[in-house]
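Peer 1: Got a structure here, written out as structure tokens. Questions coming.
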Amino acid sequence: MEFRHLGRSGLLVSEISYGNWITHGSQVEEEAAVACVRAALDSGITTFDTADVYAGTQAESVLGRALKGERREGLEIFTKVYWPTGPGRNDRGLSRKHIMESIDGSLRRLQTDHVDLYQAHRYDVSTPLEETMEAFADVVHSGKAHYIGVSEWTAAQLREAHALARELRIPLISNQPQYSMLWRVIETEVIPASEDLGVSQIVWSPMAQGVLSGKYLPGQPPPAGSRATDEKSGANFIARWLTDDVLTRVQQLKPIAEQAGLTMPQLAVAWVLQNPNVASAIIGASRPEQVHDNVKAAGVKLDAGLLKAIDEIVEPVTERDPAKTESPAQRP
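Position 182 of the sequence shown, counting from 1, maps to 173 under my numbering, and the rest follow consecutively.
Right under this line is the structure:
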């Protein structure tokens, strides 16, 4: 495993981090989830990402139990706040009330007295940004979080929040966007702004919901038991990629992966790590062997010719429109 600084901070994170968005507490049984966390630790992963909303708060609880007994100082634990975690009108968003209540709930479920990074899971258009950032400042100054991050924020939102964070003397050091060979909407605006501000990307779905693994074939139904057949595991997210044009081009990447001595999943993860503004790529797993395979992408250097060949294959089906940065209006 190799490590990178998160933003313009002293915090080092593993190049590959383990996330439990669609596995812990929902898609797989706890025994399998714990086995995957153990595989991550055995593979050198020290950075773990979750959120209060995942599996209706159960994902945090599973991760807390899986990491119990580990040396806390040797881990970087990240979680998020924004999406609804209860039936009440204030059980959502980035109001001071919801943030202050949510951090305590997350710490209780994670069985720790602090998280290393507390992230705004989306931008809240209904709460003044000043209120949100002041609440985050209190979370940091109370010792409940060391750093602040965001997820799926636009370049303009990042700049405004970063200015407030500096005034409040708190370190806003990361953004967590979707990023892969097929989804590159952050490249035009978000990454240049982040580089200017000293903010890193912690990217999710580097394998485009598993499509870049090559297991989905054009003209054929999705394999039984795959993510595309399971509503609980994000089938609605993967649907955009399940066209014959996309799947045919993905199959054309197989010779490139073989040339690089990589599996298709390893190539996908290694590709996002070639971007110097990416500090870590989040992987998920339902089986330990998936973790052991994916971590082999750490430290891989892809040469310019290989990167050009990848671009030539996927460019016609690649999404680059910065307006497609995910916002609450795009997800119920």
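For each residue, glycine too, the CB sits at the ideal point set by N, CA and C.
All values derive from a computational prediction rather than experimental measurement.
#1: Could you give the residue range of the alpha helix (DSSP H) that holds His89?
#2: Cutting at 6 angstroms between CB atoms, please list the residues of its own chain near Gln243, excluding the five before and the five after it.
#3: Name the two residues that bound the continuous alpha helix (DSSP H) containing Asp245.
#4: Could you pull out every unbroken alpha helix (DSSP H) segment of at least 4 residues lying fully inside the segment 43 to 91, listed in chain order?
#5: Let me know if Ala276 comes out buried or exposed under the rule of 16 or more other beta-carbons within 10 Å of its beta-carbon.
#6: Identify the continuous beta strand (DSSP E) that holds Ile139 and give its terminal residues.
#7: Report the partner residues of Ala111 according to the DSSP bridge assignment.
#8: Can you check whether the CB of Val176 is closer than 7 angstroms to the CB of Lys315?
#9: Could you please give the first and the last residue of the uninterrupted beta strand (DSSP E) stretch that includes Leu3?
#10: Output needed for Lys88: all residues of its chain with C-beta closer than 7 angstroms, excluding positions within five of it in sequence on either side, in chain order.
#11: With C-beta atoms as the reference, is Ala288 less than 7 angstroms away from Leu203?
#12: Roughly how many angstroms lie between the CA atoms of Gly1 and Glu64, to the nearest whole one?
#13: Would you decide whether Ala230 is buried or exposed? Buried here means 16 or more other CB atoms lie within 10 Å of its CB.
#14: CB-CB under 6 angstroms to Ser52, same chain, minus the five flanking residues each way: which ones, in chain order?
#15: Checking the sheet assignment: what are the DSSP bridge partners for Gln169?
#16: Which of the three DSSP states, helix, strand or coil, is assigned to Val176?
#17: By DSSP, does Arg(-5) sit in helix, in strand, or in coil?
#18: Compute the Euclidean distance between the alpha carbons of Gln257 and Ser271, then round it to the nearest angstrom.
#19: For Gly(-2) versus Ser165, is the C-beta spacing smaller than 7 angstroms?
#20: Which whole runs of the alpha helix (DSSP H) in the segment 257 to 315 are 4 residues long or more, in chain order?
#21: With a cut-off of 8 angstroms on the beta carbons, I'd call Ser5 and Gly35 a contact; round off their distance for me.
#22: List the whole-angstrom C-beta distance separating Ala136 from Leu108, where the pair is believed to meet the contact cut-off of C-beta under 8 angstroms.
#23: Using only CA atoms, which one of Thr37, Arg150 and Glu22 lies nearest to Ile274?
#24: Run the CB neighbour count on Thr220, radius 10 Å, all protein chains shown included, and call it buried at 16 or more, exposed below.
#25: Considering only C-alpha positions, which residue in the set Gln110, Val241 and Asp294 is nearest to Gln265?
Peer 2: Per the coordinate set shown:
#1: Counted from its first residue, the sequence shown places residue 89 at position 98. Per DSSP, the unbroken alpha helix (DSSP H) holding His89 starts and ends at Arg87 to Leu101.
#2: Within the sequence shown, the letter at position 252 stands for residue 243. Only Ile304 meet the Cβ criterion.
#3: Position 254 of the sequence shown, counted from the first residue, corresponds to residue 245. For the sequence presented, residue 245 should be read as Lys rather than Asp. According to the DSSP assignment, Lys245 belongs to the alpha helix (DSSP H) that extends over Lys245 to Ala251.
#4: Entirely contained in the segment 43 to 91, the alpha helix (DSSP H) runs reaching 4 residues are, in chain order, 49 to 58.
#5: Translated into positions along the sequence shown, residue 276 becomes position 285. It counts as buried.
#6: Within the sequence shown, residue 139 is the residue found at index 148, counting from 1. From DSSP, the beta strand (DSSP E) with Ile139 extends over Ala136 to Val141.
#7: Sequence index remark: in the sequence shown, residue 111 carries index 120 (1-based). According to DSSP, which records beta bridges pairwise, Ala111 is partnered with Val72 and Val141.
#8: Stepping through the sequence shown from its first residue, residue 315 is reached at position 324. Stepping through the sequence shown from its first residue, residue 176 is reached at position 185. Against a cut-off of 7 angstroms, the Cβ pair of Val176 and Lys315 comes out as a contact.
#9: Stepping through the sequence shown from its first residue, residue 3 is reached at position 12. Leu3 -> beta strand (DSSP E) spans Leu3 to Ser5.
#10: In the sequence shown, the residue the question calls residue 88 occupies position 97. When the five nearest sequence neighbours on each side are left out, the beta carbons in the same chain lying within less than 7 angstroms of the beta carbon of Lys88 are those of Asn81, in order along the chain.
#11: Residue 288 sits at position 297 when you count from the first residue of the sequence shown. Residue 203 sits at position 212 when you count from the first residue of the sequence shown. Contact: no.
#12: Residue numbering aside, residue 1 sits at position 10 when the sequence shown is read from its first letter. Residue numbering aside, residue 64 sits at position 73 when the sequence shown is read from its first letter. Rounded to the nearest angstrom, the two C-alpha atoms are 14 angstroms apart.
#13: If you number the sequence shown from 1, residue 230 lands on position 239. Exposed.
#14: By 1-based counting over the sequence shown, the position of residue 52 is 61. Only Arg100 meet the Cβ criterion.
#15: Within the sequence shown, numbered from 1, the residue matching residue 169 stands at position 178. Beta-bridge pairing links Gln169 to Trp195.
#16: Taking the sequence shown and counting its residues from 1, one reaches residue 176 at position 185. Coil at Val176, not helix or strand.
#17: The count along the sequence shown starts at 1 and reaches residue -5 at position 4. Note: Arg(-5) maps to strand in three-state DSSP.
#18: What you label residue 257 is simply residue 266 of the sequence shown in a count that begins at 1. What you label residue 271 is simply residue 280 of the sequence shown in a count that begins at 1. When only Cα atoms are considered, Gln257 and Ser271 end up about 14 angstroms apart.
#19: The residue labelled residue -2 in the question sits at position 7 within the sequence shown. The residue labelled residue 165 in the question sits at position 174 within the sequence shown. Contact annotation: Gly(-2) and Ser165 have beta-carbon atoms nearer than 7 angstroms.
#20: You should have 279 to 285 and 295 to 305.
#21: By one-based count along the sequence shown, residue 5 stands at place 14. By one-based count along the sequence shown, residue 35 stands at place 44. At roughly 7 angstroms, the Cβ-Cβ gap stays under 8 angstroms, so Ser5 and Gly35 are in contact.
#22: Within the sequence shown, numbered from 1, the residue matching residue 136 stands at position 145. Within the sequence shown, numbered from 1, the residue matching residue 108 stands at position 117. With a Cβ gap of about 7 angstroms, Ala136 and Leu108 count as contacting.
#23: To locate residue 274, count along the sequence shown from 1; it is residue 283. Among Thr37, Arg150 and Glu22, the Cα nearest to that of Ile274 is on Thr37.
#24: Here residue 220 refers to the residue found at position 229 of the sequence shown. Residue placement at Thr220 is poorly supported in this model, since its pLDDT is 47, which falls under 50; the coordinates still yield a value, given next. It is exposed - the Cβ of Thr220 has fewer than 16 other Cβ atoms within 10 Å.
#25: The residue you call residue 265 lines up with position 274 of the sequence shown. Looking from the CA of Gln265, the closest CA among Gln110, Val241 and Asp294 belongs to Asp294.
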